[in-house]
Amino acid sequence: MTNKQAHKIEIKWLEENTHIDTSNIEKKYCDNVNFLNILQSHCYAITMRITQNLSFRIGLIHINGTPAGYIQILEKKALNSFLHALIIDRGPIWFEGYDTEENFKAFICALKKEFPKRIGRKIRLIPEIEDSLEIRSFLQQQGYKRSTNAAYQTAWIDLSNNQDTLRKNLKKKWRGSLQKAEKNEETIKTIFSHDADDIKELLLLYAKDKAQKQYNGPSVKLLLPMIEVFAKNNQLFIAKAYKSNKLLGFILLLCHGRSATYQIGWNSTAGRSANIHHLLLWQAMLHLKDKGYISLDLGGMNDESASAVKKFKQGLGGREITLPGLYN
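Whatever position you read off the sequence shown (first residue = 1), add 590 for the numbering used here.
Take a look at the structure:
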């Protein structure tokens, strides 16, 4: 499809209160988004309302009168709105054919007009666009200051590819580890679950492992309410593997629109030796594909504190992207 450029851009706000029928909005506006990240999902916004007391507003981005994209903003107000904090994490989201640098720049200008900087207002922005010196320069010209030198990295798996293509896209070493796990598949019981009945037990294993190994990852304090919200909206997916009734490992994925995000995972010593994480993630990809999901976000990657995790995720052969980072 030919990319459509911005001539006249307008943000039309759907709601400005905290009581939104999430499922209807996500179905109506996100079903034509191929790569919807979790931070722009409505279940995430509801989680932030519960845990951080943040409200949220949702806007349709119109270009020349036609819906072209989608933005979700978290916010908090005080002192009759004199104090006003806005959080835009990994937005905007564009519909097919509108994801261009020109449209992004037009959106930023429209956002600036809608929420001009002033005393008492603070804006946090993680733009969902490929990092470049030109984009950084543009954001600086618009008054945004880059608050960290670290850009945000992730990788997307395109689940619209057939199974053979997905397999061919795996890096050689990753594919070899998967094949090793598959040789023992007859003795391993894999369970797919979409409820949160046993998630607390799994989170305890994750929390203990995280504390022992000192790696970065979401806290259990945040994960518990997030899991409850996603489970309530039938957007939770857990894959577990057992051998002789002993848990070898699990992964947790959260779904949003036609996309899903790899959130956390854990494996035992025996599970690690059996490459159980490779098996679970591969089977989860096929399960999601079978359920109609078309993309999987592997979550953040960084070289400094989690280089081994980054290498593991890169092994899936997804489309790696680097975002400009955090701006204020």
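Glycine included, every Cβ here is placed at the ideal spot set by N, Cα and C.
Original post:
Exposed or buried, PRO914, counting other C-beta atoms within 10 Å across all chains shown (16 or more means buried)?
Top reply: Locating residue 914 in the sequence shown gives position 324, where the first residue counts as 1. Answer is buried; the Cβ neighbour count reaches 16.
Subject >> Cβ-Cβ separation, GLY847 to CYS620 (assumed contact under 8 Å), whole Å >> reply: The residue you call residue 620 lines up with position 30 of the sequence shown. The residue you call residue 847 lines up with position 257 of the sequence shown. Yes, CYS620 and GLY847 are in contact; Cβ-Cβ is about 3 Å, under 8 Å.
Original post:
Which of helix, strand or coil does DSSP assign to ASP754?
Top reply: On the sequence shown, position 164 is the one that residue 754 refers to. Note: ASP754 maps to helix in three-state DSSP.
**OP:** State whether the stretch 842 to 860 contacts the stretch 819 to 828, with contact taken as three or more CB pairs (one from each stretch) at a distance under 8 Å.
**Re:** yes
**OP:** In angstroms with no decimal places, state the Cα-to-Cα distance between TRP856 and SER809.
**Re:** Locating residue 856 in the sequence shown gives position 266, where the first residue counts as 1. Locating residue 809 in the sequence shown gives position 219, where the first residue counts as 1. Their Cα atoms are separated by approximately 14 Å.
**OP:** Using only alpha-carbon positions, find the residue among ASN622, THR637, LEU673 and GLN802 that is nearest to ALA658.
**Re:** For the purposes of this step, residue 658 is taken as the residue at position 68 of the sequence shown. Nearest option by C-alpha distance: ASN622.
Original post:
Does any CB atom of chain C fall closer than 7 Å to the CB of PRO657?
Top reply: Absent from the structure is chain C; it holds one protein chain and no more.
**OP:** Tell me, please, which residues DSSP counts as bridged to LYS667.
**Re:** Numbered from 1 along the sequence shown, position 77 holds the residue referred to as residue 667. Under DSSP, the beta-bridge partners assigned to LYS667 are HIS674.
Original post:
What alpha helix (DSSP H) runs, 4 residues minimum, are completely inside the stretch 786 to 820?
Top reply: 789 to 803
Original post:
How many whole angstroms separate the CB atoms of GLY905 and LEU760, which I take to be in contact at a CB cut-off of 8 Å?
Top reply: Here the question's residue 905 lines up with position 315 in the sequence shown. Here the question's residue 760 lines up with position 170 in the sequence shown. Contact flag correct, Cβ pair sits at about 7 Å.
Original post:
When you compare only the Cα positions, how much space is there between GLN642 and ILE678?
Top reply: Taking the first residue of the sequence shown as 1, we reach residue 642 at position 52. Taking the first residue of the sequence shown as 1, we reach residue 678 at position 88. Going from the Cα of GLN642 to the Cα of ILE678 covers about 15 Å.
Original post:
For GLY889, which option in ILE628, LYS770 and PHE646 has the closest C-alpha, if you only look at C-alpha atoms?
Top reply: Indexing the sequence shown from 1 puts residue 889 at position 299. Among ILE628, LYS770 and PHE646, the Cα nearest to that of GLY889 belongs to ILE628.
Original post:
What first and last residue would you give for the beta strand (DSSP E) that runs through THR780?
Top reply: Taking the first residue of the sequence shown as 1, we reach residue 780 at position 190. Counting along the chain, the beta strand (DSSP E) containing THR780 begins and ends at 779 to 783.
**OP:** Using the Cα positions of LYS830 and ASN739, report the straight-line distance between them to the nearest angstrom.
**Re:** Here residue 830 refers to the residue found at position 240 of the sequence shown. Here residue 739 refers to the residue found at position 149 of the sequence shown. Whole-angstrom Cα-Cα distance: 37 Å.
Original post:
Does the pairing of the stretch 725 to 732 with the stretch 859 to 870 give three or more beta-carbon distances under 8 Å?
Top reply: no
**OP:** Just mark HIS784 as buried or exposed, buried being the case when its beta carbon has 16 or more other beta carbons within 10 Å.
**Re:** The residue labelled residue 784 in the question sits at position 194 within the sequence shown. Classification of HIS784: exposed, given that the 10 Å Cβ count is below 16.
Original post:
Which residues mark the beginning and the end of the beta strand (DSSP E) in which GLN853 is found?
Top reply: On the sequence shown, position 263 is the one that residue 853 refers to. Start and end: 849 to 857.
**OP:** Leaving out five residues on either side along the sequence, give the residues of the same chain with a beta carbon under 8 Å from the beta carbon of PHE559.
**Re:** Outside the shown range of the chain (591 to 918) lies residue 559, about which nothing can therefore be said.
Original post:
Are PRO682 and PHE697 closer than 7 Å when you measure CB to CB?
Top reply: As a working mapping, residue 682 is identified with position 92 in the sequence shown. As a working mapping, residue 697 is identified with position 107 in the sequence shown. For PRO682 and PHE697, yes; Cβs fall inside 7 Å.
Subject >> Neighbourhood of PHE827 by C-beta distance below 8 Å, restricted to the same chain and skipping five residues each side >> reply: Here residue 827 refers to the residue found at position 237 when the sequence shown is read from its first residue. So the list reads PHE782, SER783, HIS784, LEU842, LEU843, LEU844, CYS845, ALA850, ALA874, HIS877 and LEU878, once near-sequence residues are dropped.
**OP:** Indicate the three-state DSSP secondary structure (helix, strand or coil) for GLN730 in the structure shown.
**Re:** Taking the sequence shown and counting its residues from 1, one reaches residue 730 at position 140. Judged by DSSP in its simplified three-state form, GLN730 adopts helix.
**OP:** Locate the alpha helix (DSSP H) running through ASP880, then write down its first and last residues.
**Re:** Mapped onto the sequence shown, residue 880 falls at position 290. From DSSP, the alpha helix (DSSP H) with ASP880 extends over 866 to 880.
Original post:
Considering only C-alpha positions, which residue in the set ARG680, ASN752, ARG647 and PHE646 is nearest to TYR742?
Top reply: Taking the first residue of the sequence shown as position 1, residue 742 is located at position 152. From the listed residues ARG680, ASN752, ARG647 and PHE646, the smallest Cα separation to TYR742 is found for ARG680.
Subject >> Of the listed residues ILE778, GLN853 and LEU768, nearest to GLY807 (C-alpha basis) >> reply: What you label residue 807 is simply residue 217 of the sequence shown in a count that begins at 1. With distances taken between Cα atoms, GLY807 lies closest to GLN853.
Original post:
Does the beta-carbon distance from ASN918 to ARG711 come in below 7 Å?
Top reply: Residue mapping note: residue 918 aligns to position 328 of the sequence shown, counting from 1. Residue mapping note: residue 711 aligns to position 121 of the sequence shown, counting from 1. Going by C-beta atoms, ASN918 is not nearer than 7 Å to ARG711.
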